[in-house]
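Before any comments, here is the structure.
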Amino acid sequence: MYMMSSKVLRYALAIETSFPSQFLSGAKPRHFSTKPVLPVLTLYTKEEVCSLCDEAKAVLEGYKHRFHLEEVDITAKGNETWFDKYRYEIPVFHLNGSFLMKHRVNEGFTGQRTEKI
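Residues 1 to 117 (the UniProt record's numbering) make up the sequence shown, in order.
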């Protein structure tokens, strides 16, 4: 039987407690981004002609560096809940999952809300 000296044992314990087991097992370390995460602005729209939606997207073009725009077609299969809720209200906007505005873009309000996030 091999006996470890106390010096070797202390060194082994120091390594084990200094490095998480995923590093010792060969797993890759996680890298965290320092890039700011943009808020998500969700536009509820429909594929058919929607002049208010087109107008809203044109107004938001100048702010696109402040958010990530996701469009949800309320007429698409699987979006029946959104269709029932917003069929007469589009365009409707949610910011990070919370209602923001509908019908027309309020530029001042949108700018303020996206700056705060």
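In this text, a Cβ means the ideal position worked out from N, Cα and C, and glycines have one as well.
Quantities reported herein were computed from a predicted structural model and do not represent experimental measurements.
| Item | Value |
| --- | --- |
| Contacting residues, own chain, Cβ-Cβ under 7 Å from E107 (five flanking each side not counted) | V59 |
| Nonlocal neighbours in the same chain, by C-beta distance under 6 Å from E89, ignoring five residues either side | K102 |
| Limits of the beta strand (DSSP E) - the one that K102 falls within | 98 to 102 |
| Alpha-carbon spacing of T45 relative to R66, whole angstroms | 20 Å |
| CA-to-CA distance, W82 to R104, given in whole angstroms | 18 Å |
| For Y63, the three-state DSSP class (helix, strand or coil) | helix |
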